[in-house]
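So the structure is just underneath, and the comments pick up after that.
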Amino acid sequence: MKKMIALILAVALCFALAACGGTKDSAGKTEDSTPATAETAATEETTAPADTEAPAGTETAETTEPDAPAETGDGDAALEAATVHLYIAASLENAFIDIIEMYKAVEPNVTVEYNADSSGTLLTQIEEAGGAGCDIFFSAAVKQVKTLDETDHLMMEGSRVDLLKNQLVVISGKGSGTAVTGLANIGDAASIALADGSVPVGKYTRQALVNAGLLESVDDVSAITTEEVSAALGGVEINECGNVSKVKEAVKEGSNEVGTVYYSDAYSVRDDVDIIEMVSTDLTGEILYPVCRVINPEADDPETAAADDFMAFLQTPEVLAVYENYMFIVNEG
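Positions 214 to 546 (the working numbering) are the ones given, in order, by the sequence shown.
Structural data, given as structure tokens:
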């Protein structure tokens, strides 16, 4: 009997030990199978549904940005493509070669095309076309701009600016040995290059000769013919020129002994000519260069905007310095 009881106790003890061991193994397997790996955690943090939206106020980085509009030198948006048509007195041509290049650097979309000739010829061209094909007129005399405004009504109201001044000079070829010392004895020359009366420099020369007592006074000195000038100066040979640049070239090349041009023209060929006399404004009157906007019926909105902008550009300090480099006088009056 005692053996039977001992056997039962031994069996019960074995079952108890087996139960304790199974619990320990199960707990170990659970701990080993559940930990998240670093790769799994990273995946869970970086993966989001495709339609997830950033919370309001959240800034998101952009991979591309829209193209910014082109800008001019003063920070304004560049003008639309357009062509500005400019009519300038021949004496301004050298300066405007530089000025147009300067403007191109500021407004690359705008092309400036210029027509350089005597102011009288340019006025006639503008009149015949009714303003078409011209946006800005820069004259070497007030008369032409006044005619454009008061007679032709082709000047934009309030647009005239008397921007520059100049001075009449008598020139001869470098080292020519001429006996001429100025207007007072200009008739002693073998020949004279002289612009006709419709050209401002020709008109100013005639006015100076009248005021010096060498020509008879008339109401409109521009009407004095070249033949009348020659006769008043003792029959001297005169080469009538269509603009001031042609006078300058005739003297520079030696085709004529003397001629009358503006100081700015003489300065541009100073290596080839001598200035004999700086003619006083008491004789010529003030020599003004007015610039104005022209009513161009063919101009569309981009051309009009570009012409207005170029007109303003012509009055900036940078451009005024260019005029002075070419020996024009900036009118501060």
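Quick reminder that beta carbons are idealized off the backbone N, C-alpha and C, glycines included.
On the premise that K387 lies in contact with V471, defined as a C-beta separation below 8 Å, what is that separation, rounded to the nearest angstrom?
Contact doesn't hold; Cβ gap of about 13 Å is too wide.
Run through DSSP, which three-state label would K465 get? helix
field: Of the listed residues N452, S389, V414 and A463, nearest to V355 (C-alpha basis)
entry: V414
*asked:* Classify H366: buried if its beta carbon has 16 or more other beta carbons within 10 angstroms, exposed otherwise.
replied: exposed
| query | Just curious, the beta strand (DSSP E) that K378 is in, first and last residue? | reply | V374 to N379
Among V482, E440, E441 and A444, which residue has its Cα nearest to the Cα of V457? V482
**Q.** Neighbour-count burial assignment, A463, 16 or more Cβ in a 10 Å radius
**A.** buried
**OP:** Pull up the distance between the alpha-carbon of G448 and that of L361, whole angstroms please.
**Re:** 36 Å
Can you check whether the CB of Q420 is closer than 8 Å to the CB of Y491?
Before going on, a small fix: residue 491 reads as Met here, not Tyr. For M491 and Q420, no; Cβs fall outside 8 Å.
Would you mind working out which of I301, L533, V474 and D513 sits nearest T497, comparing C-alpha positions?
-> V474
- According to DSSP, which residues form a beta bridge with D311? Partner(s): none; D311 has no beta bridge.
Assess contact between the stretch 526-537 and the stretch 306-320, defined as three or more Cβ pairs (one per stretch) separated by less than 8 Å. Is contact present? yes
Looking only at its chain, what residues have a beta carbon closer than 6 Å to the beta carbon of V374, apart from the 5 residues adjacent to it on each side?
V504
Requested in this report: Please check the pair G326 and A291, which I expect to be a contact at CB under 8 Å, by giving their CB distance rounded to whole angstroms.
Outcome: In the sequence as displayed, the identity of residue 326 is Glu instead of Gly. Going by Cβ atoms, the distance from E326 to A291 rounds to 19 Å, so no, they are not a contact pair.
ask   = At which residues does the beta strand (DSSP E) containing V323 begin and terminate?
value = V323 to D330
Under a three-way DSSP split, which group does R483 fall into?
-> coil
For N538, which of helix, strand or coil comes out of DSSP? helix
Output the distance between the C-alpha atoms of A408 and E453, rounded to the nearest integer angstrom.
5 Å
Would DSSP call L422 helix, strand or coil?
helix
Range of the contiguous alpha helix (DSSP H) that encloses S443: T439 to A445
### the stretch 501-521 touching the stretch 419-435, judged by at least three CB pairs closer than 8 Å
no
**Asked** Excluding five sequence neighbours on each side, which residues of the same chain lie with their C-beta closer than 7 Å to the C-beta of I301?
**Response** F309, Y327, A329 and F351
Check for me: the beta strand (DSSP E) holding A406 runs from which residue to which? S404 to A408
So what does DSSP say about E511, is it helix, strand or coil? coil
Within 10 Å of its beta-carbon, does E516 have 16 or more other beta-carbons around it, so buried, or fewer, so exposed?
buried
Problem set entry | CA-to-CA distance, M540 to E306, given in whole angstroms | 13 Å
So what does DSSP say about L501, is it helix, strand or coil? strand
Could you name the residues of the same chain whose beta carbon sits closer than 8 Å to that of T394, not counting the 5 residues immediately before and after it, in chain order?
-> I489 and E490
What are the boundary residues of the beta strand (DSSP E) that includes V358? Where V358 is concerned, there is no enclosing beta strand (DSSP E), although the alpha helix (DSSP H) it sits in stretches over V355 to K359.
Check the DSSP bridge columns for S385 and list the partner residues they point to. V471 and D487
At the level of alpha carbons, what is the spacing between L336 and T418? 20 Å
Problem - For N452: DSSP bridge partner residues - result: A406
Checklist entry - Measuring CA to CA, which of A318, S332 and T324 is closest to G455? => result S332
- Query: Is it true that the CB of L376 sits closer than 8 Å to the CB of I542?
  - Reply: no
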